[in-house]
Amino acid sequence: MEEDEEEDYMSDSFIKQDVRPGLPMVRRVKQAFQKEEKQKEANEKSRQKSIKEEEKERRDLVLKSALGSENKGFALLQKMGYKSGQALGKSGEGIVEPIPLNIKTGRSGLGHEELKKRKAEEKLENYRQKLHMKIQANEQAADQFRIRFKNKQEERKMEGDLRKSQRACQQLDTQKTLKIYLQTALETVLQIITKAFLKEGFLDKYV
-12 MEEDEEEDYM
-2 SDSFIKQDVR
8 PGLPMVRRVK
18 QAFQKEEKQK
28 EANEKSRQKS
38 IKEEEKERRD
48 LVLKSALGSE
58 NKGFALLQKM
68 GYKSGQALGK
78 SGEGIVEPIP
88 LNIKTGRSGL
98 GHEELKKRKA
108 EEKLENYRQK
118 LHMKIQANEQ
128 AADQFRIRFK
138 NKQEERKMEG
148 DLRKSQRACQ
158 QLDTQKTLKI
168 YLQTALETVL
178 QIITKAFLKE
188 GFLDKYV
């Protein structure tokens, strides 16, 4: 190891160093961090690219580059009078840019994306139907609650009217009974008085 090479900040020799205030501790740590970042960058550059990354880079490079005369299709178009950047067709009404290439990198078969999309749409439609049915059920429950509440109020009102009618009937019965009782008592008193007068002869002069 060279004399001027910095020591590892995680090693025992670095930890055992004197870290009293005033020593260049911060500078050493900063340099250690910088060294570690440089090592990470070097490892990233030296890392071999995966097959997918290499294929993507080559594909992007080819797609970005324009077709040359070595391409048979492009050579045939040139023989028929086509020029680069010109629209297709006899009168130039066709497309200018080529049809975009849709790269399929996954392992799923053809039509898998459409199947996933259709299943997602069906799932969404089922969710909407369930939500609609739930809303309808809540509305029906609310209507039933309002009907029950209204019926309960009507029952309470009818019970109140019935109690009032019963009290009125009881009062009428009491008044009628009292009237009969008073009439009977009055007749009894009159009979007693009449008998007394007849007995004493007070009524002889009126007979």
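In terms of this note's numbering, the sequence shown opens at residue -12 and continues consecutively. Glycine included, each C-beta is placed from N, C-alpha and C at the ideal position.
(request) Work out the CA separation of K163 and N138 for me, nearest whole Å. (result) What you label residue 138 is simply residue 151 of the sequence shown in a count that begins at 1. What you label residue 163 is simply residue 176 of the sequence shown in a count that begins at 1. For N138 and K163, the distance between alpha carbons rounds to 37 Å.
(message) Can you give me the C-alpha to C-alpha distance between N125 and L118, rounded to a whole angstrom?
(response) Along the sequence shown, read from residue 1 onward, the residue named residue 125 stands at position 138. Along the sequence shown, read from residue 1 onward, the residue named residue 118 stands at position 131. Approximately 10 Å between the Cα atoms of the pair.
(request) Inspect the beta-carbon positions of L50 and F61 and report whether they are closer than 7 Å. (result) The sequence position of residue 50 within the sequence shown is 63, counting from 1. The sequence position of residue 61 within the sequence shown is 74, counting from 1. The answer is no: Cβ separation not under 7 Å.
(request) Under 8 Å by Cβ, that's how I've got L88 and I82 pegged, so tell me the actual separation to the nearest angstrom. (result) For the purposes of this step, residue 88 is identified with residue 101 of the sequence shown, where counting begins at 1. For the purposes of this step, residue 82 is identified with residue 95 of the sequence shown, where counting begins at 1. With 8 Å as the limit, L88 and I82 do not qualify as a contact, their Cβ atoms being about 14 Å apart.
(request) Please go through the region 17 to 104 and give each complete alpha helix (DSSP H) segment of 4 or more residues, from N-terminal end onward. (result) 38 to 51, 59 to 66
(message) Rounded to whole angstroms, what is the Cα-Cα separation between K43 and N58?
(response) Start at 1 with the first residue of the sequence shown, and residue 43 comes out as number 56. Start at 1 with the first residue of the sequence shown, and residue 58 comes out as number 71. Their Cα atoms are separated by approximately 21 Å.
(message) Using only the alpha-carbon positions, how far apart do L177 and G147 sit?
(response) Translated into the one-based positions of the sequence shown, residue 177 becomes position 190. Translated into the one-based positions of the sequence shown, residue 147 becomes position 160. Those two C-alpha atoms are separated by around 45 Å.
(request) Measure the C-alpha to C-alpha separation of D47 and E41 and round it to an integer number of angstroms. (result) Along the sequence shown, one-based indexing puts residue 47 at 60. Along the sequence shown, one-based indexing puts residue 41 at 54. Their Cα atoms are separated by approximately 10 Å.
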